[in-house]
Every structure is written in C-alpha cells, then in structure tokens.
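Only one structure is covered here, and it is reproduced in the block below.
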Amino acid sequence: MASYGLRARVITLTLAPTLIIGLLLSAFFTFNRYHDLETQLVTSGTDIIEPLAIASEYGMTQQSREAVRRLISYAHRKHSDIVRSIAVFDAHHELFVTSNFHPNFQSLTFDKTKPIPLLSTIEQSKTNPSIMILRSPILAEGQFVDPNGKEIDPNKPLGYIAIELDLSSLRLQQYQEIFAALMVLLLGIGLSGFFAYRLMRDVTLPISHMVSVVDRIRRGHLDVRIEGKLHGELDTLKSGINAMAMSLSEYHVEMQHSIDQATSDLRETLEQLEIQNIELDIAKKRAQEAARVKSEFLANMSHELRTPLNGVIGFARQMLKTDLTPNQVDYLQTIERSAQNLLSIINDILDFSKLEAGKLLLENIQFDLQESLDEVVSLQAPSAHEKGLEITLRIDPNIPQGVVGDPLRIQQVLTNLVGNSIKFTERGNIDVAAELRSSKDNKVEIQFVVRDTGIGISERQQAQLFQAFSQADASISRRYGGTGLGLVITQNLVGQMGGEIGLTSRLHQGSTFWFNITFQTSNMPLAPQMDTSPLIGKSVLLVEPNIQSAAVIEQQLTQVGIHVTYQAQFPEDKTPYDVVLLNLPPTMQYSQGDMFNMVQKGLALTHNLILGVPSTELALAETLIKLYPIQCIPKPIIRRKLLQLMLPNQAQSTLLAAPELPSNKKLPMRVMAVDDNPANLKLISALLTEQVEFIITCNNGAEAVELAYQQPFDIILMDIQMPHMDGVTACKKIKNSQLNPNTPVIAVTAHAIEGERERLLKAGMDDYLSKPIEEHVLHQILMHWNPYAEEGTIEKLPLTADSQNTVPPAQTENSAVLNWQVALKQAANKVDLAKEMLAMLVEFLPEVDQAVQHALESPTEQSEALLVIIHKLHGSCAYCGVSKLQSLCATIETALRAECSIEDIEPELFELQDEMEKVKQASKTYLT
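Yeah, the sequence shown ends on 928 if you go by the UniProt record's numbering, and it's all consecutive.
Below, the structure written as structure tokens:
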C-alpha cells in the first residue's frame, strides 16, 4: 500500500473490515442454517420410517399385504410434501408392498450380497441428487407366530422399509437463506461506502489541497499559503506548512547570499588550481625528461663502462693463453675477476632500472634444472673454496629433469643468494637445495633453499634487506662490498616469475634464504640419458670429512643402485672396493708427502681412485694425474661427471676450466671489424685471428663504408657508437653498395638496455653481439652467418687443406631432408658427435618402420605401442637436423595422444615411412 494515495487508503480501510466481517458472519450463519434444514428433513424422515417399521412387524409376521399397504399408504398421504414413495421389502429383498408405483425399485433395496442391517440408514441417491433414501429394518420383537404356528426368532429381520424423500423444497429454502445473507452483506457494504465517502470528502480533499500547495513551494513559489478554515489536526498541519514556507523564504534569501559569496571564492580557487595545474604539468614534463635523461645516462654509462671492461677482460683472457709465471697468472686472474665484479655491478644497476620501469621480460623455454643448478654452484665454488667453505647441491630426485621457465633468471637469483652467503660466511658450509613442494596437472612447485653458517641477520635488520641501496648493516658495505641491489633484484625477479621469497636467520648462527617457483613440466628429451646399469651393485668407499657434503654424494650414488660406505677418514682395514672417492677439504694445507700417503692408501683399496679436489687446487690435480694412475674431479662434485668417471671405458678427467671451441680450423671467410676504440679493435682482431683467415679492421664508419664499396666481405662486425658516422648509418650505406648488399652486418655494442637488440635489428642490422665479447658466442655468430656452410661448392676464397677435409654439406636435393648445419649446431659443432647421433637415428629407423607396419596391419591393437615408439623417434629427431621428419612425428604423436584411430592418421604414417627412407639415403653422404 505504500504506492497508494490517501483516498485509496481510506476506502480500503473502511470497506475492507465491513466486507470481511460481513462475509464471515454471512458464511457462518448460512452454513449453519443450510445444515439445520438438512438435519430437520432427516429427522422428519426418521420419525416417519421408524414407527412404520415397528407397526409393520405384525403384518410382516402374518404375511398380510393389505394391512401393511394401508399402514404405509396412510403415512404417505400424511407426509406427501416430503415423501415421494414408501416400499416394504421382505427378508429376501423382494418387494412386499408399496404406497405407489416406482420406476426403479432396485435403487431402494439394500445390497443383496450383505445381510440386512439392524439399524436405520440414510443414503443420497446416486442417480438424482434431489432424492434421499432412508431404510429401516423390520425386526421380530413381539413374539408373534407365523401362519403356520411356528414362533419367530426375536430380533430377526423380517424385511425393511425404504422411504424416498424429496429434497426440492429443502434446496429452495436453502437458496432463500443464502440470498437473504447476501442482501444483508450488500446493505452493510453500502452503508460503509457512504461513511467512507463522507470521511474522504472531509479529510482527503483538504490534504490534497495541502499537497498541491507544498508542491508549489517545492518548485520555488515560497509566497504561496494555505487558505480556508479547517478543523482539528488539519488546522494544525495548515499552520505548520505556512510557517515552514515563511522559514524557507527567509532561508532562500540567506542561501542566495551565501552562494554568491561561495561563487566568488570558487572563482579565486579555480584560478589558483589552474596555476597549480600548469606548474604540475611543467613538473611532469621535467620528470619525464629526467627519466629520459636517466635512461640515456644508463645507456651511455653502460657503453662507456663496458667498452674499457671489454678490453680489460678480453686481453686478460688472451694473456692467460700465453706462457706466464704463476704470479703473473694470479695477477691476471685477479684483474679478470675484478673486472667481472665491476661488470656484475653494472648489470645489477641495469637490471634494477629495467625492473623499476617494468620492462624486464622473462623467457619461457625448456631447460634442464639439474644442469642449471650445477652451473651455479660450479661458478660459485672457487669463491667458496678460497675462503675454506664447503658448497653442496642437493636436488630432490622426484623433480622432473625438464621444466619450462627462465633458466637465466633462476641462475641469477641463486647466484645472488649463494654469492651473499659466501660473502658473509667465514667458516662452515653453503648448502643449496631444490625440493619438490607439489605436483599437479603438469605443474611442479619447487622450493630453492640456500643455507649458510655465516654472521646471520637480526630481526631488526631483516626488514631492510629487500630495500634498494640498503644493507643490513651500513658498516658491511666497506668490509664486504656490494651495491645493495642484489636482494631487491632477486625479490622482483621471483615476483615476476609468480613466486615468493623469504628468509629465516639468527644473529651469529647463519641464514636460510628460500624462494618458491612453479614450473610447467616437459616430456621432451633434453640430453641423452646416461646408462648407469653397469654401476648397479658396485661398492664405493666415500671418504669425506664434511658430513653435509658426504650426505649429498651418498644420496646421488645410492639412487643409481651403488652400495656406499662412508668414512670421515681412511679406514684401518684393507677391504677392497670397486671405487674409492676421496674428497679433499678446502681448508687443508696440501703437502707433497701428505698427498702421496693419501693416494697410496686409496690405491691399496681399489684400482679406481677418484680424487675430489677443491676448485682452487686444479693445478695440484693436474700434477697428481701425471704422477699417479688416478682420476680427479673438482668440487662440488657434479653427479653426471662423477658417474662418467665410474663407468667403464668412459673415465676421463673433468678438470676443464673453460669451454673449448668446436674446432681449431680457421674459417675461409673475409671479415671486416669496425670499432673506434683501439683496444676493442685489437681484441676483436685477436679473437678473429684464431677463427677466420682474412681480417680487415677500420677505425670508424666512414672508413668501413669506403672499403665496402671497394671489395666484398663475408661478415662485417660493426660498432654502434662511433665519431663521424655511427654504426647504423654505416650499415645502411653498406647495404646500398654493389659489392656488399647482402653481407651480414653484426651490431657489436656495449648497450644492454631492454629493447636495444630489437631497435638495431629493425634499423637494418642482421644480428647482435654484446660486449664484452665471449669467444664461443663470437664463434657461434661466425658459424651462423658462414656463407660457405650453406652454398657448399661455391668458393669465394681459396680453402686450406684442413678446411677441405671437413664433412661436405648436404646436396641441394637433400637439404630439405637433412640439414647438416642444424645437426652440427645441436651437437655443439662437434662433427664426431653429430655423426654418432645421426647414426643412432638411422639404426633406429627400421624398428620404427616395423612398428608402423604392424600398426597399419592391426590398427586396433597397436596404438599404445606406436605412441611409445613415435615419441622416442620424435626425441631423436630433435638432435639430427631432420626437421620434416620431426614435424611428422609431432603431428602423429599429437593425434595419438588425442586418441585418434590408426585409420585417421594412415596418410601421415605412409608419409612417415617415405620420409624415413629419404633420411636413410641423405645420411649416407655424412656417414660413409
């Protein structure tokens, strides 16, 4: 009723009670009267039939039809207004006498299948609702005898009387009662409506007038008043509304004055805000300009710092290749480490800048987690061993080998945490661990943990760890060094990878840093699996003074089925072992006599002695290998390298400190190097001299363009920032020359700002090489852009004898089947390894062909077996340069995993067989 007006409310509240009460009373009295009339009729019928039943006893006993007829005829005539017919039936339900003719006497009888009831019954006619039938039994109660003189049993039914009552007059009387009740109800409603109308006229009309006046006041007519004489509360309401209108009029005048004043003040405020907006806009432009200047400053600082560092690191490495005294080697290694530390500081600042700007992009590639973590601890081992610290790596065996993520950033985070632990630890251990937290739906959550026994961090200092340019203790920056950016970058990197990082630490008791990362798992093979079955059951004596290091090594060996006996020192007994692994602690002072005694003890127990030496004692290891029949492995011990040393016919020293180039043969190429810095130019020349035959150097871009117009080149290494003409402009001019329009121009720059590579490639450069230049990276660039590797028989320059002995490239018709250059690249440019992998693939093809043929012959039975062998072939193809065969395997494997039938992929299987045959034919060029 909230939406109804006062008029509707008055009418409703006036009429509704009258209507409800009238309906209730009328229904109540009508219902009672209705049933009373029916009860009276039934009572009258009972009063008629029961005396007749008693009076008819004698006549029924004597079988006197005339006496009974006179009796019922008299009763019918006396009550003819309600009685339609009276009939008497004997005990066999046969009609005895009747007061008048009835068309259907059967409707008046009892159910013949049941005995006659001893009490009267009342029944509504089933064929005519205006007829009611009463039945009453005639009982033998007077001890009369039948005409034969036989005495009748008392209370025995002699028959029964049925009376048919007419309800027509009763129904008419009932309808009259209902009509009378309705008339009374309508009269009551009419009276209530009359009084409601009078109330509405006396109340609602004045109120409607007041509403109209209030509405006019609301619309601003404040001079309007309510006129006329009203009574009671309405007069009070009229006075209140008039008083309200007067007050509103006064408030309106006062408010208008206030609005005028506020408008004046607002104008002044807006003028001030406009001035402030102009000042803020100017400040914003200055901030943007400052940000741009900062970015340019970082780019220029990167270039200016990396350029001299390029020369320092490069020439230090070149000098280390020459004959030097031990002191000179030590000095040069110190110079190189210092330059690398300075380079890492520059990288920290640049990474922080990228993270701050939100421009650091993460890779999402497949990588071997074990190999990545091994690389981290191997690179950090020299720093730890120099301080006498043990460093260990423990990886949960349940972690899958291949995961998908950004391996470089994972290594950067771990390198920072491990480096900090080494920096702030004076004695004890640095323990690195990777633990599986959860695995679900091809995703694994891995927790990386770095524990140390260093100086620890108090709770108050822990709050400052992840703030830029801050350290837990301001005094340690001078003692330990650092920018204070490492943990900030680490936290941001972990956050971008969707993980979290934290620590637990106690002062003077060490610290534990941890971070969690979720990776996608991968089923693609990353590296050939090592067959460790020959090592199962072998006995190994592990001599390791450090308990944590021993536990890690024991776990690694036990996983492959090796029986490990651990001792902190050499045992006194002479029990022989298949292998003895003797690990030297980094804190030990190694004299010649002590080393001789340890080696002799080890050789007395086994013919296969492996010596684990700290990474700072590689020279000692080389000496021992020359003097004794032993093998050496650097600490921390890498699982794969250790197992390789234990396997028969594969034992070799694993002490190579740096990667070697795939080949020492010079490439028959003409290369031009352009750089305005003499030191850089000299270093590039020195690196190129070891790899290519013809080198021409230029000091600026203009000179490079002049030479490019005079002679052809195979590759041009172009610096970017140079006087007179920058590298991009020089590249464009060279591309317009007649002799070098398609010559690859490689950008060589010290810029490491995000987007620099994309900008240079878009500007016309063909590839990108960052300073400081690494030898293996330069070699990969040269191999990638080597024109002779693709053209085969075309010779722009005379080939040397050594170069002519290399494996010939694939013929033109075979290039789409087997790309030898891709195969070499996958094999790290090692020809023998590439041949071996190709031979393994070719040997495996007949088995695949047989499985495919079986699948085609029995398509309902071979789908699972075919999926296994196609998956294995898919992995083998990834390392042999057979791209089309690999693509076919991927298509078939995907279809089989989607539960496609053999019939659906039958065309691809036939194509696979044809492609395998082509690979066999193409491989003969390289395997013969």
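We treat Cβ as the ideally placed atom computed from N, Cα and C, and that holds for glycine.
State the DSSP-derived secondary structure class of residue i, mapped to helix, strand or coil.
i    : result
Y577 : coil
T483 : Below a pLDDT of 50, predicted positions are generally treated as unreliable, and T483, at 41, falls in that range; no measurement from the model is reported.
M646 : helix
N420 : helix
G220 : coil
M244 : helix
R427 : coil
A181 : helix
H35  : helix
N398 : coil
P744 : coil
D531 : coil
V599 : helix
P288 : Reading off the sequence, residue 288 comes out as Gln, not Pro. Helix at Q288.
I275 : helix
S477 : Any reading at S477 must be qualified, since the residue scores a pLDDT of 43, below 50, and its modelled position is unreliable; the value itself is stated next. Looking at S477 - three-state DSSP - the assignment turns out to be helix.
Measure the alpha-carbon distance for residue i versus residue j and round it to whole angstroms.
i    : j    : result
R77  : D47  : 15 Å
P129 : Q63  : 34 Å
K601 : T392 : 26 Å
G495 : W514 : 13 Å
F469 : Q370 : Residue placement at F469 cannot be trusted, given a pLDDT of 42 that sits under 50; the coordinates are not used to answer.
A604 : V540 : 14 Å
D767 : I781 : 8 Å
Q333 : A619 : 14 Å
D406 : I278 : 45 Å
D676 : A834 : 40 Å
Q454 : V543 : Per the sequence shown, residue 454 should be read as Gly rather than Gln. Rounded to the nearest angstrom, the two C-alpha atoms are 26 Å apart.
T325 : K574 : 42 Å
T697 : E706 : 12 Å
K924 : M722 : 50 Å
Could you name the residues of the same chain whose beta carbon sits closer than 6 Å to that of residue i, not counting the 5 residues immediately before and after it, in chain order?
i    : result
K156 : A140
R639 : Q556
G510 : D452, T453, G454, G456
Grab me the residues of residue i's own chain with a C-beta within less than 8 Å of its C-beta, minus the 5 sequence neighbours each way, in chain order.
i    : result
G498 : I517, T518
S169 : D81, I82
Alpha carbons only, please: which of the options is nearest the one belonging to residue i?
i    : options                : result
N546 : V817, N583, T109, G228 : N583
T98  : L681, S73, R219, L487  : S73
V432 : I696, Q380, E426       : Q380
L642 : M530, Q821, Y197       : M530
I562 : Y577, E572, Q548, D573 : Y577
P636 : T575, V579, V552       : V552
L507 : Q559, V488, E254, D452 : D452
D714 : V671, P741, E706       : V671
L182 : L158, M210, F28        : F28
Please report the residue range of the beta strand (DSSP E) in which residue i lies.
i    : result
P668 : 667-674
A87  : 83-90
E445 : 443-452
V692 : 692-698
A162 : 157-166
S539 : 539-543
Please confirm whether any heavy atom of the ligand FAD lies closer than 7 Å to the CB of residue i.
i    : result
L909 : The ligand content of the structure shown is nil, which means the ligand FAD is not present either.
From which residue to which residue does the alpha helix (DSSP H) around residue i run?
i    : result
E66  : 65-78
G612 : Run containing G612: none in the alpha helix (DSSP H); it sits in the beta strand (DSSP E), 609-613.
D374 : 369-386
S883 : 883-897
A922 : 906-927
V777 : 775-784
C731 : 727-735
Q520 : Careful: Q520 lies outside any alpha helix (DSSP H), inside the beta strand (DSSP E) at 510-521.
T623 : 618-627
T606 : Segment: none, T606 is in no alpha helix (DSSP H) and carries neither H nor E.
R759 : 756-763
Keeping to the same chain, check which residues put their C-beta closer than 7 Å to that of residue i; ignore five residues upstream and five downstream.
i    : result
E386 : T616
H724 : N700, G701, A702
L23  : L185
At a Cβ threshold of 8 Å, is residue i touching chain D?
i    : result
A855 : Checking the listed chains, one finds no chain D in this structure; it contains a single protein chain.
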